[in-house]
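Chains as they are written, first to last, in this note's numbering: chain A, 5 to 324; chain B, 5 to 324.
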């Protein structure tokens, strides 16, 4: 199923989100304007703004508040990517050179801040202190999660619990903001807000597990960044953890973290691909998708509810 | 006049702001908690939160909203300093080692983001979309201003207009947020909000001019960072611009920007000190202070209004 088919109930409004994102670069400062259109132009699948709109669609669909919320969620995502790339010294993202690689870390820091500010302006336009507070709390969760990830880099003693905590912070918290805010801004009943929160939490976990799998199974061309980036940056993901557990005496991850040698990265990738690890990781991702959807049937039976089911399927099918 | 005497009408509440700032480090993450108490503990004179409280004091003084606003303004200030120091590779701030110098740029980026998030949480507690929007717009002004400053570093062709625009963005915009939000949250009439905005704008300009003077006239001990930092970082301030205009043929600033040699920095400082430049800069700062206060007498005659007059005097007397 094509992603735009899934987005159908809100596709028109999702285009308005894209227009609003483009409008951010229409400012008086020529240099900054060019930069902004570069950053905001490199958008991905738009899953986060789609979640906000779809989550609101079953209730009092309040576009004048949902639209700025959806824009805000996407901008916060973009801002965190700009800062993450600066921290990771990443060279490419979505197939294009990163801000830090073109203009340096200093501009990447300030560009990220500028995008946070714009995200803040849009969320203020929801006129709803509850979602504004959630927005800020989510940024706190993401940045403290990134601090933990950075401090834990190149360490081998991460528990599975630690991994799930980490991916909740860096990915699921924003999915959860997207879905919750959609429900809140559309005056959904509190039980539905809770269901949408659970959906966002668990779909986000599943999404990140799949992303972590793709770092082993995909190609540079498909991902827009080098395969094995997580290993190179010392980030211990689920496939890497399972690999360590299978090779306790000849630990390929330890070799990568110690030597940071590309040959060892290729060896670790090869070992993961030639094992059941990928299948096992997809199984865990699938469990989280099921968990995400477990209470969706309690929501009104609408096309947007169906889209949320389909989106969970779509997330799982990435790279398979 | 001692600063705490000036703050008298709101001194008790200013202590509550300090307590709230301290409470930010009381979190479950031991390492981050230590770091946060280090950053938030290094507070300065608290002029920005004082402005918020004093600006609200003449009206319906709404502490449950003014307190989070004052905390938020100070946190945004701290967050921008953390990012600025990372960008400038500064080693000391307020006499203490900077975050970037202790923990590296990566942690400085993420710590700044975390502090922005906390600032956002506090501003959400004002429950007032208008000031929340102003807060975000101000962050946008500050970060785009910093981008312009960074791109203009080590260039000699800045106009006076460009200088005032730059210091408005980096300093006065936040002073203006502090005063405006205080008035708005205390339901001041719109004319008073405008007067408080003008006061914040012009006091902020004056404050930054004096700060730029001190970089030439003060000592490392008094400032908590090396004398001549602006020149070393390639930032063209008002005293440096006047120096260039006085020595068109033997331009000491050009020498510093070309060689980045400490001897040339010392020479430029010496030349500024032995001229009327300092006096001339104070005169301009003083004009902005007068401008800041020009409409204050239209506000209700209260002890907090007097404090705003006294604060303008205090700003001017820094370092004299």
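Where a beta carbon is used, it is the ideal one built from N, C-alpha and C, also for glycine.
Item                                                                                                                                  : Value
Counted within 10 angstroms of its Cβ, other Cβ atoms place residue 164 of chain B as buried (16 or more) or exposed                  : exposed
Collapsed DSSP secondary structure at residue 100 of chain B in the structure displayed                                               : strand
Whole-number beta carbon distance between residue 235 of chain B and residue 69 of chain B, since they are thought to touch under 8 Å : Incorrect: roughly 42 Å between the Cβ atoms, too far for contact.
Cβ of residue 128 of chain A within 8 Å of any chain B Cβ                                                                             : yes
CB contact check: residue 209 of chain B to chain A, cutoff 8 Å                                                                       : no
Helix, strand or coil at residue 84 of chain A according to DSSP, with G and I counted as helix                                       : helix
Own chain partners of residue 131 of chain A with C-beta closer than 8 Å, once the 5 adjacent residues on each side are dropped       : 69
Short CB-CB distance (under 8 Å) between residue 118 of chain A and chain B                                                           : yes
Check whether residue 54 of chain A and residue 87 of chain A have beta carbons under 8 Å apart                                       : no
Limits of the unbroken alpha helix (DSSP H) element including residue 200 of chain B                                                  : 194-221
Chain C residues whose Cβ lies nearer than 7 Å to that of residue 87 of chain B                                                       : Within the model displayed, chain C is absent; protein chains A and B are what it includes.
8 Å Cβ cutoff met for residue 308 of chain A and residue 72 of chain A                                                                : no
Any chain A beta carbon closer than 8 Å to residue 66 of chain B                                                                      : no
DSSP three-state assignment for residue 304 of chain A, whether helix, strand or coil                                                 : coil
Contact list for residue 141 of chain B against chain A, beta-carbon separation under 9 Å                                             : 121, 124, 125, 128
Contacts that residue 36 of chain A makes with chain B (C-beta to C-beta distance below 7 Å)                                          : 148, 151
Straight-line gap, residue 174 of chain B to residue 211 of chain B (C-alpha atoms, nearest Å)                                        : 11 Å
Distance CB(residue 52 of chain B)-CB(residue 139 of chain B) smaller than 8 Å                                                        : no
Whole-Å CB distance - residue 252 of chain A paired with residue 272 of chain A, under 8 Å assumed                                    : Their Cβ separation, rounded to whole angstroms, is 14 Å, which puts residue 252 of chain A and residue 272 of chain A out of contact at 8 Å.
Three-state secondary structure (DSSP) of residue 288 of chain B                                                                      : helix
Neighbour-count burial assignment, residue 270 of chain A, 16 or more Cβ in a 10 Å radius                                             : exposed
Cβ contact (3+ pairs, closer than 8 Å) linking the region 34-46 of chain B and the region 101-117 of chain B                          : yes
Candidates A:18, A:228, A:238, of which the one nearest residue 159 of chain A by Cα                                                  : A:238
Unbroken alpha helix (DSSP H) run spanning residue 45 of chain B, endpoints                                                           : 34-45
Residue 221 of chain B beta carbon near the ligand HEM (any heavy atom closer than 7 Å)                                               : In the structure on display, the ligand HEM does not appear, and there are no ligands present to speak of.
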